[in-house]
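Visitor: Mind looking over this structure? Questions follow.
Number of protein chains: 2
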Amino acid sequence: MFESVEVGNRLSKAAFKRIEPHMRHDLLDVQKELAVSPLSVIVIVGGAEGAGKGELVNLLLSWMDARGIDVQAFWDETDEERERPFMWRFWRVLPPTGRLGIFFGSWYTAPIIDRVFNRSDDADLDRALDRIVEFERMLADENVLVLKFWLHLSQDSQIKRLKKLEKHPDESWRVSKSDWKFVKKYKKFHRISERAIRRTNTAFAPWHLIEAEDVQYRTIVVTRTIRNAMQAALEALKNRPAEERRPDMPKPKKFNVLENLDQTQTLTEEEYEAQLTKYRSRIGFLARKLREKGLSMALVFEGPDAAGKGGAIRRVLSALDARQYRVVSVAAPTDEEKAHPYLWRFWRHLPRRGKITIFDRSWYGRVLVERIEGFCSPEDWKRAYGEINAFEEQLAESGIIVLKFWLQTTPEEQIERFRDRQTTPYKQYKITEEDWRNRDKWNAYEAAACEMIEKTGSDALPWIPIPANDKNFARISVMKAVAKALEDRLK
Amino acid sequence: MFESVEVGNRLSKAAFKRIEPHMRHDLLDVQKELAVSPLSVIVIVGGAEGAGKGELVNLLLSWMDARGIDVQAFWDETDEERERPFMWRFWRVLPPTGRLGIFFGSWYTAPIIDRVFNRSDDADLDRALDRIVEFERMLADENVLVLKFWLHLSQDSQIKRLKKLEKHPDESWRVSKSDWKFVKKYKKFHRISERAIRRTNTAFAPWHLIEAEDVQYRTIVVTRTIRNAMQAALEALKNRPAEERRPDMPKPKKFNVLENLDQTQTLTEEEYEAQLTKYRSRIGFLARKLREKGLSMALVFEGPDAAGKGGAIRRVLSALDARQYRVVSVAAPTDEEKAHPYLWRFWRHLPRRGKITIFDRSWYGRVLVERIEGFCSPEDWKRAYGEINAFEEQLAESGIIVLKFWLQTTPEEQIERFRDRQTTPYKQYKITEEDWRNRDKWNAYEAAACEMIEKTGSDALPWIPIPANDKNFARISVMKAVAKALEDRLK
Numbered sequence: 019m020f021e022s023v024e025v026g027n028r029l030s031k032a033a034f035k036r037i038e039p040h041m042r043h044d045l046l047d048v049q050k051e052l053a054v055s056p057l058s059v060i061v062i063v064g065g066a067e068g069a070g071k072g073e074l075v076n077l078l079l080s081w082m083d084a085r086g087i088d089v090q091a092f093w094d095e096t097d098e099e100r101e102r103p104f105m106w107r108f109w110r111v112l113p114p115t116g117r118l119g120i121f122f123g124s125w126y127t128a129p130i131i132d133r134v135f136n137r138s139d140d141a142d143l144d145r146a147l148d149r150i151v152e153f154e155r156m157l158a159d160e161n162v163l164v165l166k167f168w169l170h171l172s173q174d175s176q177i178k179r180l181k182k183l184e185k186h187p188d189e190s191w192r193v194s195k196s197d198w199k200f201v202k203k204y205k206k207f208h209r210i211s212e213r214a215i216r217r218t219n220t221a222f223a224p225w226h227l228i229e230a231e232d233v234q235y236r237t238i239v240v241t242r243t244i245r246n247a248m249q250a251a252l253e254a255l256k257n258r259p260a261e262e263r264r265p266d267m268p269k270p271k272k273f274n275v276l277e278n279l280d281q282t283q284t285l286t287e288e289e290y291e292a293q294l295t296k297y298r299s300r301i302g303f304l305a306r307k308l309r310e311k312g313l314s315m316a317l318v319f320e321g322p323d324a325a326g327k328g329g330a331i332r333r334v335l336s337a338l339d340a341r342q343y344r345v346v347s348v349a350a351p352t353d354e355e356k357a358h359p360y361l362w363r364f365w366r367h368l369p370r371r372g373k374i375t376i377f378d379r380s381w382y383g384r385v386l387v388e389r390i391e392g393f394c395s396p397e398d399w400k401r402a403y404g405e406i407n408a409f410e411e412q413l414a415e416s417g418i419i420v421l422k423f424w425l426q427t428t429p430e431e432q433i434e435r436f437r438d439r440q441t442t443p444y445k446q447y448k449i450t451e452e453d454w455r456n457r458d459k460w461n462a463y464e465a466a467a468c469e470m471i472e473k474t475g476s477d478a479l480p481w482i483p484i485p486a487n488d489k490n491f492a493r494i495s496v497m498k499a500v501a502k503a504l505e506d507r508l509k
Numbered sequence: 019m020f021e022s023v024e025v026g027n028r029l030s031k032a033a034f035k036r037i038e039p040h041m042r043h044d045l046l047d048v049q050k051e052l053a054v055s056p057l058s059v060i061v062i063v064g065g066a067e068g069a070g071k072g073e074l075v076n077l078l079l080s081w082m083d084a085r086g087i088d089v090q091a092f093w094d095e096t097d098e099e100r101e102r103p104f105m106w107r108f109w110r111v112l113p114p115t116g117r118l119g120i121f122f123g124s125w126y127t128a129p130i131i132d133r134v135f136n137r138s139d140d141a142d143l144d145r146a147l148d149r150i151v152e153f154e155r156m157l158a159d160e161n162v163l164v165l166k167f168w169l170h171l172s173q174d175s176q177i178k179r180l181k182k183l184e185k186h187p188d189e190s191w192r193v194s195k196s197d198w199k200f201v202k203k204y205k206k207f208h209r210i211s212e213r214a215i216r217r218t219n220t221a222f223a224p225w226h227l228i229e230a231e232d233v234q235y236r237t238i239v240v241t242r243t244i245r246n247a248m249q250a251a252l253e254a255l256k257n258r259p260a261e262e263r264r265p266d267m268p269k270p271k272k273f274n275v276l277e278n279l280d281q282t283q284t285l286t287e288e289e290y291e292a293q294l295t296k297y298r299s300r301i302g303f304l305a306r307k308l309r310e311k312g313l314s315m316a317l318v319f320e321g322p323d324a325a326g327k328g329g330a331i332r333r334v335l336s337a338l339d340a341r342q343y344r345v346v347s348v349a350a351p352t353d354e355e356k357a358h359p360y361l362w363r364f365w366r367h368l369p370r371r372g373k374i375t376i377f378d379r380s381w382y383g384r385v386l387v388e389r390i391e392g393f394c395s396p397e398d399w400k401r402a403y404g405e406i407n408a409f410e411e412q413l414a415e416s417g418i419i420v421l422k423f424w425l426q427t428t429p430e431e432q433i434e435r436f437r438d439r440q441t442t443p444y445k446q447y448k449i450t451e452e453d454w455r456n457r458d459k460w461n462a463y464e465a466a467a468c469e470m471i472e473k474t475g476s477d478a479l480p481w482i483p484i485p486a487n488d489k490n491f492a493r494i495s496v497m498k499a500v501a502k503a504l505e506d507r508l509k
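Printed below as a string of structure tokens:
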């Protein structure tokens, strides 16, 4: 692969001087257009040490408007990053719409380096790369243009360049011991990089291999690629037919996991109180153990309005120390959230080690309310299942216990509760116009929920449907499931 | 002071039961009103260990809507927090408008504890407390209601309660060794807490001393205080006369620091290139040393449009590695930013140790464009000088070198440059309608700038006015000042 970029591409200084003003003009132009578009751009600068990556980025910042660019270096991870899933550090700095992010190091770095230094095997590498492909596909779908550059130097050139840098008084600091360590691993590094590039060289996020020997050549090729790709992406956005967003009204199957729930199960007040005390104490104990072990938990609560999500959440909270948990109530996204891919607003709330986040409604809104009400396009919610699965798998792998509760009442019970809320003064805050409106769409929501449970439930990331006609029974069922999941994991 | 809350206040269980439903109703009511108001609320829960703080917060979360509340515990500071000014950890979690934040531990904790364990002296403590008063005054001015509770237990009660907790199988974990360490320091802890409370017991953020012996009593008193204070604050907001926001047109003095600048100073291209090379190399070297020493830098650029801020910034950047700096271009605030006190959107960009943040326009917008254009009330910009000084002092104390550049051209030169921009294609992006409009307000801006320099410049946090009619001279002046500040600090 790399032989195709060891062919002696050069550009004369005269030609460079001729092209430069036009290129700068074009880049500023396209950046101006970007600023008011729904697109964002990530430029990944990878490749050999000594290939002029730093120089290139400094040049980009001087040719373009540095104020619209965020440079991210991922060498100095913080403990807040270490205590969350690997991709969190990238999610948190995804450029919002209108901006360009330049990444020194990226989601490729750790998988490649780990493999080079034998901290992982080929299977690990491939799994990580497949994750990346999924991630980049999501970015493409979410209007994030990902431009991946690989600056290549032959081994001889690399050694020559590092030596030259070392001699230059102003540049010698650029050369570190680890650079030389990499030179020694040159062949292996390139073999593994090649594997990574091949496996992630997709249509939606292709790699651009750049012969980095000649500074004029590499500069113009990279900037031209950026310009052309941005122009094309902006053009494509403009020409895209308006998204069709319309309510979806799927019909539920007669026999389904929610209809099958046994809604006759109840607990007397006495049983309830006894069980509550028991599980409260158990969860309290286990949650402290969770913290000691540095694990975390994410509890997701979904279900029709008035199904008792709030009440169930409160019972779980009553077992916990307020300093350990956070309740995230999912409401309309802020404009910063809207300027990022859909899952961004959930990534930002992921618990650190030892913490518990409770989501009152969640990322599943995409395949429930947004689908049914037509708040997003069919393409958006259809791809959401896969994106959500990838997301939750990352949580699980990083030591977050994920439990997803679906609290289900019958429609008759829901009506009862709406009536009740209208009369109990201190419960009034929970009822809104929307509650009544959604009632009409009961069937569509049930069908969407069943599809969601089918497509996103798994042994490791289970959906736990709870018959919720009896509040006592529902609350204890939730407590029991939380206790069991903690026990299973902590034993 | 504390004797007034060792008087045996109690509330019977029967009375509590009678009050509870009303209180819950009222709290939910007032929280609902809060949610749609421009107010936010911080509840600080301080006081003795074993006084039931955790219990109280758990109760608050169960009586109110936990989804509108963020509980913050400040015991587990992260390296991202440690690498920034002390108050950063609080700023980052200030509740946005409509929400309630409950703080376990607060900006009081470290000053008090440091004094108890003799890591600081009385003067340090008082200085920290005065800072807090300033901070809380700012919060009050920014519609953040701060409710400070001090749950008090007599020494005997504290020992009794800790012993009782220790015996209870579900509660014993609440008692740690450090709790007993505090009991031993009871007298000293109380003496110092008393000092802290007295000094920070202001009209805009008073302390509420609560006798914590009796659970019914302390619960009702605290919840009642919260309810009443929130009701009063919301009422006051509603009755507040509409803010008068009108453009301000101050007149500059004939002789002032900007008019006094010698605009005849120039550098030939040759001199410029030589100096640029020299300072670029020096700044590059010093910036690496800055990183090694774990210090940081914030460079602020202000000045009329077309004064050459962008060009000067680019020259500074050319000396730096792109991974070390970040350029923050201050534009319209996002809705998350608007939901927080004014300085919040600058706090969030403060550099970590070793990093450099360049602000292209800054928090000084408040006393410049917002003042002149009437984007905020006169009260807002008038108090901004003091708030900004307090802000920058904290940066300086935490090891951030702060330099503030004012680039000044003559109005004639500005006109020239506007014309030039219209004709040079790749400079066009910098010119907007606003540039022309602002030109008319030259005098008002000059007067505002002079007042700003007078009120916010100091030896440690200097304003550096730069005569900018000659771009070469201006750029080198900036480079020179950056180099000198780094040298002075790093020598």
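Just so you know, the sequences run in chain order R and H.
Under our numbering, the residue at position 193 of the first sequence is numbered 211, and the numbers go up by one with no gaps.
Under our numbering, the residue at position 449 of the second sequence is numbered 467, and the numbers go up by one with no gaps.
Where a beta carbon is used, it is the ideal one built from N, C-alpha and C, also for glycine.
The structure displayed is predicted, hence computed values, not measured ones.
Counting only the same chain and skipping the five closest in sequence on each side, list residues whose C-beta sits under 7 Å from that of TRP106 (chain R).
Guide: For the purposes of this step, residue 106 (chain R) is taken as residue 88 along the first sequence, with counting starting at 1. Closer than 7 Å at the Cβ level, and outside the excluded window around TRP106 (chain R), lie GLU99, TRP365, LEU368.
Visitor: Straight-line CA distance for THR352 (chain H) to PHE104 (chain R)?
Guide: Locating residue 352 (chain H) in the second sequence gives position 334, where the first residue counts as 1. Locating residue 104 (chain R) in the first sequence gives position 86, where the first residue counts as 1. Taking the straight line joining both Cα atoms gives about 28 Å.
Visitor: Just verifying my parser: in three-state terms, what is the DSSP assignment at ALA230 (chain H)?
Guide: By 1-based counting over the second sequence, the position of residue 230 (chain H) is 212. ALA230 (chain H): coil per DSSP, three-state reduction.
Visitor: Quick one, which residues of the region 359 to 373 of chain H are near chain R if we go by CB-CB under 7 Å, in chain order?
Guide: Listed by position along the chain: nothing, the set is empty.
Visitor: Based on the DSSP output, what are the partners of VAL25 (chain H) in its beta bridges?
Guide: In the second sequence, the residue the question calls residue 25 (chain H) occupies position 7. According to DSSP, which records beta bridges pairwise, VAL25 (chain H) is partnered with nothing at all.
Visitor: Is the Cβ of ILE494 (chain R) closer than 9 Å to any Cβ of chain H?
Guide: Position 476 of the first sequence holds residue 494 (chain R). For ILE494 (chain R), the answer is no, since every Cβ of chain H falls outside 9 Å of its Cβ.
Visitor: On a Cα-Cα basis, can you pick out the residue from R:ASP44, R:ASP94, R:TYR463 that is closest to PRO538 (chain R)?
Guide: What the structure shows of chain R is the stretch from 19 to 509, and residue 538 (chain R) is not part of that stretch, so it cannot be assessed.
Visitor: Please report how far the alpha carbon of GLU184 (chain R) lies from the alpha carbon of ALA408 (chain R), in whole angstroms.
Guide: Against the first sequence, residue 184 (chain R) aligns to sequence position 166. Against the first sequence, residue 408 (chain R) aligns to sequence position 390. Near 44 Å, if we compare the C-alpha coordinates of ALA408 (chain R) and GLU184 (chain R).
Visitor: Please list, in chain order, the chain R residues whose beta carbon lies closer than 8 Å to that of GLY475 (chain H).
Guide: In the second sequence, counting from the first residue as 1, residue 475 (chain H) sits at position 457. Correct list: empty, because the minimum Cβ distance to chain R is about 25 Å.
Visitor: Which residues, in order along the region 304 to 326 of chain R, keep a beta-carbon less than 7 Å from a beta-carbon of chain H?
Guide: ARG306
Visitor: Measuring CB to CB, does ALA501 (chain H) end up less than 9 Å from TYR297 (chain H)?
Guide: In the second sequence, the residue the question calls residue 501 (chain H) occupies position 483. In the second sequence, the residue the question calls residue 297 (chain H) occupies position 279. Between ALA501 (chain H) and TYR297 (chain H), the C-beta spacing is below 9 Å.
Visitor: Any idea if HIS170 (chain H) is buried or exposed, counting beta-carbon neighbours within 10 angstroms, 16 or more meaning buried?
Guide: On the second sequence, residue 170 (chain H) is found 152 positions in, with the first residue counted as 1. Under this definition HIS170 (chain H) is a buried residue.
Visitor: With DSSP as the reference, please indicate the residues paired to TRP168 (chain H) in a beta bridge.
Guide: For the purposes of this step, residue 168 (chain H) is taken as residue 150 along the second sequence, with counting starting at 1. Under DSSP, TRP168 (chain H) forms a beta bridge with H:GLY64, H:LEU227.
Visitor: Residues of chain H with CB closer than 8 Å to the CB of VAL89 (chain R), please, in chain order.
Guide: Walking along the first sequence from the start, residue 89 (chain R) turns up at place 71. In chain order: ALA340, ARG341, TYR343, ARG344.
Visitor: What are the boundary residues of the alpha helix (DSSP H) that LEU45 (chain H) is part of?
Guide: Translated into positions along the second sequence, residue 45 (chain H) becomes position 27. Element bounds for LEU45 (chain H): 31 to 53.
Visitor: Return the bridge partner residues of ARG344 (chain R) from the DSSP annotation.
Guide: Taking the first residue of the first sequence as position 1, residue 344 (chain R) is located at position 326. DSSP output for ARG344 (chain R) lists R:THR375 as bridge partner(s).
Visitor: So GLY302 (chain H) is in the alpha helix (DSSP H); what residue range does that whole segment cover?
Guide: Your numbering for residue 302 (chain H) matches position 284 in the second sequence. Looking at the DSSP string, the run of the alpha helix (DSSP H) that includes GLY302 (chain H) is 287 to 311.
Visitor: Out of R:ARG133, R:ASP174, R:LEU180, R:LYS498, point me to the one whose CA is closest to SER570 (chain R)'s CA.
Guide: It is not possible to answer for residue 570 (chain R), since the shown part of chain R is limited to 19 through 509.
Visitor: For VAL334 (chain R) versus ASP378 (chain R), is the C-beta spacing smaller than 9 Å?
Guide: On the first sequence, residue 334 (chain R) is found 316 positions in, with the first residue counted as 1. On the first sequence, residue 378 (chain R) is found 360 positions in, with the first residue counted as 1. Result no, Cβ atoms of VAL334 (chain R) and ASP378 (chain R) do not sit closer than 9 Å.
Visitor: Tell me the rounded alpha-carbon separation between SER172 (chain R) and ILE244 (chain R).
Guide: Taking the first residue of the first sequence as 1, we reach residue 172 (chain R) at position 154. Taking the first residue of the first sequence as 1, we reach residue 244 (chain R) at position 226. Put simply, the backbone Cα of SER172 (chain R) is about 24 Å away from that of ILE244 (chain R).
Visitor: Tell me, please, whether the CB atom of PRO265 (chain H) is closer than 9 Å to any CB atom in chain R?
Guide: For the purposes of this step, residue 265 (chain H) is taken as residue 247 along the second sequence, with counting starting at 1. Not one chain R Cβ lies under 9 Å of PRO265 (chain H).
Visitor: At what residues does the alpha helix (DSSP H) containing PHE108 (chain R) begin and finish?
Guide: Translated into positions along the first sequence, residue 108 (chain R) becomes position 90. Residues 106 to 109.
Visitor: Can you list, in chain order, the residues of its chain whose CB lies under 7 Å from that of ARG401 (chain R), leaving out five sequence neighbours each side?
Guide: By 1-based counting over the first sequence, the position of residue 401 (chain R) is 383. Taking C-beta separations shorter than 7 Å and ignoring five residues to either side along the sequence, the partners of ARG401 (chain R) in its chain run ASP159, following chain order.
Visitor: Can you tell me the Cα-Cα spacing of ARG209 (chain R) and ALA84 (chain R), whole angstroms?
Guide: Within the first sequence, numbered from 1, the residue matching residue 209 (chain R) stands at position 191. Within the first sequence, numbered from 1, the residue matching residue 84 (chain R) stands at position 66. Distance between the alpha carbons of ARG209 (chain R) and ALA84 (chain R) is about 35 Å.
Visitor: By how many angstroms is the C-alpha of ALA305 (chain H) removed from the C-alpha of LEU294 (chain R)?
Guide: One-based indexing of the first sequence puts residue 294 (chain R) at position 276. One-based indexing of the second sequence puts residue 305 (chain H) at position 287. Rounded to the nearest angstrom, the two C-alpha atoms are 59 Å apart.
Visitor: Using a 10 Å radius around the Cβ and a threshold of 16 neighbouring Cβ atoms, would you call PHE222 (chain H) buried or exposed?
Guide: What you label residue 222 (chain H) is simply residue 204 of the second sequence in a count that begins at 1. Flag for PHE222 (chain H) reads exposed.
Visitor: For the pair the region 324 to 331 of chain R and the region 426 to 434 of chain R, tell me if three or more CB-CB distances fall below 8 Å.
Guide: yes
Visitor: Pick helix, strand or coil for GLY86 (chain H), following the three-state DSSP scheme.
Guide: Locating residue 86 (chain H) in the second sequence gives position 68, where the first residue counts as 1. GLY86 (chain H) falls in the helix class under three-state DSSP.
Visitor: Measure from the C-beta of ILE60 (chain H) to each C-beta in chain R and report whether the shortest distance is under 9 Å.
Guide: To locate residue 60 (chain H), count along the second sequence from 1; it is residue 42. It does not; no Cβ of chain R falls within 9 Å.
Visitor: Return the CA-CA distance between SER55 (chain R) and HIS358 (chain H), expressed in angstroms with no decimal places.
Guide: Taking the first residue of the first sequence as position 1, residue 55 (chain R) is located at position 37. Taking the first residue of the second sequence as position 1, residue 358 (chain H) is located at position 340. Cα-Cα distance, rounded: 27 Å.
Visitor: Would you kindly work out how many angstroms separate the C-alpha atoms of MET315 (chain H) and VAL420 (chain H), rounded to a whole number?
Guide: Counting from 1 along the second sequence, the entry for residue 315 (chain H) is found at position 297. Counting from 1 along the second sequence, the entry for residue 420 (chain H) is found at position 402. If you take the alpha carbons of MET315 (chain H) and VAL420 (chain H), they lie about 6 Å apart.
Visitor: Let's see if you can read the secondary structure: which residues bound the alpha helix (DSSP H) around SER495 (chain H)?
Guide: Position 477 of the second sequence, counted from the start, is the residue given in the question as residue 495 (chain H). In the DSSP assignment, SER495 (chain H) falls within the alpha helix (DSSP H) that extends over 489 to 508.
Visitor: I'd like to check one pair, PRO485 (chain H) with ILE390 (chain H): are the Cβ atoms closer than 9 Å?
Guide: The sequence position of residue 390 (chain H) within the second sequence is 372, counting from 1. The sequence position of residue 485 (chain H) within the second sequence is 467, counting from 1. Taking C-beta atoms as the reference points, ILE390 (chain H) and PRO485 (chain H) fail to come closer than 9 Å.
Visitor: For the region 63 to 79 of chain H, which residues have a beta carbon sitting closer than 9 Å to at least one beta carbon of chain R?
Guide: GLY72, VAL75, ASN76, LEU78, LEU79
Visitor: Give the residues from the region 120 to 132 of chain H that approach chain R closer than 8 Å (Cβ to any Cβ), ordered along the chain.
Guide: Near chain R, meaning a CB-to-CB distance below 8 Å, the residues of the region 120 to 132 of chain H are ILE120, PHE122.
Visitor: Which residues, taken in chain order from the region 410 to 435 of chain H, show a beta carbon closer than 8 Å to some beta carbon of chain R?
Guide: Under the 8 Å Cβ criterion, the region 410 to 435 of chain H contributes no residue.
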